[in-house]
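Participant:
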């Protein structure tokens, strides 16, 4: 589920209800939410209206994220995974995407890690890092699930556009599977059904090769 972890009390309860319903419908062994100190409303205001969200110091962010994670996780019957978000278009470094912060939150909450490679690509570009350099610093020992999809570049920035996977995306996953042991790899693509089978087939080959290496 792609909602941000932090929210108003009412939206937190709505998130919990939605997650419970998803689990009832799917029987998923875990559920997930975005690891972010900003709320969905704050990000909407940033991306759509250009309003800068509140700034928090690292300790404020840590306490808010952990409190939110404990509240949500404590109301679920299955484990909660926290997913890395992309670095939002902010002038300052976004603490929520920093590897040390993510690792600290996972330890502080006991949650597992859902690693989204498209979000990592966006973040690495904004931080002027190679994506593998950025990912290598993340708490890879906590990875339970990996999300993959293609990104686009608009001439200025990388965008998580959920496009079909490209060669570099498959190569990134193959490299990542040498460093992690996820239980699931999820393809986040739903635009053109005709492009799904080939992507699934290639993903399965990569996963099989990694498991037999």
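In this note's numbering, the protein residues as written are 45 to 257. Virtual Cβ for every residue (Gly too), placed ideally from N, Cα, C.
Would the beta-carbon of residue 158 fall within 7 angstroms of that of residue 112?
Facilitator: In this structure, residue 112 does not lie closer than 7 angstroms to residue 158 by Cβ.
Participant: With a 10 Å radius around its C-beta and 16 neighbouring C-beta atoms as the bar for buried, classify residue 167 as buried or exposed.
Facilitator: Classification of residue 167: buried, given that the 10 Å Cβ count is 16 or more.
Participant: From 172, 195, 77 and 235, pick the residue whose C-alpha is nearest to that of residue 263; which is it?
Facilitator: Residue 263 cannot be examined here, being either before or after the span of the chain that is shown, 45 to 257.
Participant: According to DSSP, is residue 212 part of a helix, a strand, or is it coil?
Facilitator: Looking at residue 212 - three-state DSSP - the assignment turns out to be helix.
Participant: Would you call the stretch 136-151 and the stretch 76-87 touching, i.e. three or more CB-CB distances under 8 angstroms?
Facilitator: These segments touch.
Participant: By Cβ distance, which residues of its chain are closer than 8 angstroms to residue 177, with the 5 residues on each side in sequence left out?
Facilitator: These residues qualify, in order along the chain: 168.
Participant: Kindly give me the distance between the Cβ atoms of residue 172 and residue 202, rounded to whole angstroms, as I take these residues to be in contact under 8 angstroms.
Facilitator: That belief does not hold up - the Cβ atoms of residue 172 and residue 202 are roughly 12 angstroms apart, past 8 angstroms.
Participant: Please identify the residue among 85, 235, 198 and 162 whose C-alpha is closest to the C-alpha of residue 220.
Facilitator: Of 85, 235, 198 and 162, the residue nearest in Cα terms is 162.
Participant: Quick check on the burial criterion: 16 or more other C-beta atoms within 10 angstroms. Buried or exposed for residue 226?
Facilitator: So residue 226 ends up on the buried side.
Participant: Counting beta carbon pairs with one atom in the stretch 117-125 and one in the stretch 82-90, are three or more of them shorter than 8 angstroms?
Facilitator: With a cut-off of 8 angstroms, the stretch 117-125 and the stretch 82-90 do not count as touching, because too few Cβ pairs lie within range.
Participant: Once DSSP output is grouped into helix, strand and coil, what is the label at residue 194?
Facilitator: If DSSP states are grouped into helix, strand and coil, residue 194 belongs with the strands.
Participant: By DSSP, does residue 152 sit in helix, in strand, or in coil?
Facilitator: It is helical.
Participant: In three-state terms, what does DSSP make of residue 220?
Facilitator: Here residue 220 sits in helix by DSSP.
Participant: For residue 130, count neighbouring C-beta atoms within 10 Å of its own C-beta (all shown protein chains included) and say buried if the count is 16 or more, exposed if not.
Facilitator: Answer is buried; the Cβ neighbour count reaches 16.
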